[in-house]
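A.B. asks: Each residue of the sequence shown is one higher than the last, beginning at 55 in this note's numbering. Please see the structure below; I have some questions.
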Amino acid sequence: MEGATVTRDNSAEGDAVTGRLLILEYEQVKEEQRARIGFRDNLLYATLAAMAAIITFSLQSRGRPELLLLLPPASALLGWAYLVNDEKISAIGRYVREDLGPRLTALVPGRPAVFGWERAHRDDGRRISRKRLQLAADLLLFTVAPMAALIVYWTTEPVRAVLLAVSVAEVVLISVLAVQIVLYADLRRP
């Protein structure tokens, strides 16, 4: 009987240590998530600033609309960084909901699941409409605006062959980004 008590005590101590480690891991991944959210959100402002600078530079350099060809690669680069960070933010949330939370809950049987907010905020009835609006905003910023710059370039002057080839490559680049943005939009129900 004494051996069973010692085993149970060792198991309880082990569970307590495991629980503390899981809480520490939770704090670390949430800190990473917070940092990524800040970085991702700042990428929106950086993209708008880059677009404004390129457009201003193009307008100030009369007769040089080819400078608008700088906008698609800048948008693609910043858009890809935005998309990667957004996906990692979602991956952290998924990890907490589907892996870390259940492991911690298993240590305290009979108690409600931990990290309820990780699930609750996804159960909002308007989540899908918000995600669709976010998808539209992301596409507008990272793909429609650079495509508009290309259209302006194509219609403003006689297009030189080498720059036409560059602009076609930029269409492909922006199209690839658009597909990736749509694929990562997470429009499914929770």
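Idealized CB from N, CA, C, for every residue including glycine.
(1) Taking the alpha carbon of T159 as the point to measure from, which residue in Q82, R88 and T72 has its own alpha carbon closest?
(2) Mapping DSSP to helix, strand and coil, what is V233?
(3) Rounded to a whole number of angstroms, what is the C-alpha to C-alpha distance between L124 and E172?
(4) Work out the CA separation of A167 and A174 for me, nearest whole Å.
(5) Please name the residue in L122, V150 and Y99 whose C-alpha comes closest to that of T110.
(6) Let me know if N96 comes out buried or exposed under the rule of 16 or more other beta-carbons within 10 Å of its beta-carbon.
(7) Taking C-alpha atoms, which residue in A135, E120 and L132 lies nearest to W208?
(8) Between which two residues does the alpha helix (DSSP H) holding E141 run?
(9) May I have the straight-line CA-CA distance separating S144 from V198, to the nearest angstrom?
(10) Provide the residue span of the alpha helix (DSSP H) that contains P212, from first to last.
(11) Express the C-alpha separation of L137 and I77 in angstroms, rounding to a whole number.
(12) Is the CB-CB distance between E141 and Y238 below 8 Å?
(13) Say whether the region 179-189 touches the region 100-115, bearing in mind that this needs 3 or more beta-carbon pairs closer than 8 Å, one atom from each stretch.
(14) Quick one, are the C-beta atoms of P275 and L227 less than 8 Å apart?
(15) With the cut-off set at 8 Å, would you say L75 and T101 are in Cβ contact?
C.D. replies: Taking the coordinates as given:
(1) Looking at the Cα atoms, T72 is the closest of the given residues.
(2) It is helical.
(3) Distance between the alpha carbons of L124 and E172: 40 Å.
(4) In a straight line, the C-alpha of A174 is about 12 Å away from that of A167.
(5) The shortest C-alpha to C-alpha distance from T110 to any of L122, V150 and Y99 is the one to L122.
(6) Under a 10 Å Cβ-count criterion, N96 is classified as exposed, with fewer than 16 other Cβ atoms of the shown protein chains found around its own Cβ.
(7) Closest by alpha carbon: E120.
(8) Here the alpha helix (DSSP H) through E141 covers L125 to Y149.
(9) S144 and V198 have their C-alpha atoms some 24 Å from each other.
(10) For P212, no alpha helix (DSSP H) run applies, since DSSP gives it neither H nor E.
(11) Taking the straight line from one Cα to the other gives about 28 Å.
(12) Result yes, Cβ atoms of E141 and Y238 sit closer than 8 Å.
(13) They do not touch, by the three-pair rule.
(14) In this structure the chain extends from 55 to 244, so residue 275 is not present and cannot be described.
(15) Taking a C-beta distance under 8 Å as the contact criterion, L75 and T101 do not qualify as a contact pair.
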